[in-house]
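Everything below concerns the one structure shown next.
In the numbering used here, the protein residues as written are 10 to 86.
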């Protein structure tokens, strides 16, 4: 899976950080999950990243992947 997604949303960097023992910030993990969900729905990676970034700007600090994903989908429509 990592090899297939290595060019998507910083997955390669996230994998490298985890293998070095460093912790990925929870906010970044949520964003990555939301972007990967949009990509799996057929959206282009660049569009998915922009939509999630826009959704994250307005999301509360305790946002979930579901909330980010819903907001991003609204932004893409």
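C-beta: ideal position from N, C-alpha, C; glycine also.
task = Tell me, to the nearest whole angstrom, how far the beta carbon of residue 80 is from that of residue 67; I am working on the premise that it is less than 8 Å.
result = 7 Å
request  = Could you spell out where the alpha helix (DSSP H) holding residue 38 opens and where it closes?
outcome  = Residue 38: member of the alpha helix (DSSP H) spanning 35-49, first to last residue.
task = Find out if the Cβ-Cβ distance for the pair residue 44, residue 57 is shorter than 8 Å.
result = yes
Endpoints, the alpha helix (DSSP H) within which residue 58 is located = 54-67
inquiry  = Rounded to the nearest angstrom, what separates residue 54 and residue 83 at their Cα positions?
reply    = 16 Å
message = For residue 64, which residues in the same chain have their Cβ closer than 7 Å to its Cβ, ignoring the five residues on either side in sequence?
response = Leaving aside the five residues that flank residue 64 on each side, the residues in its chain whose CB is nearer than 7 Å to its CB run, in chain order, 77, 80, 81, 84.
key: Under the three-state DSSP convention, the category residue 72 falls into   = DSSP places residue 72 in coil when its eight states are reduced to three.
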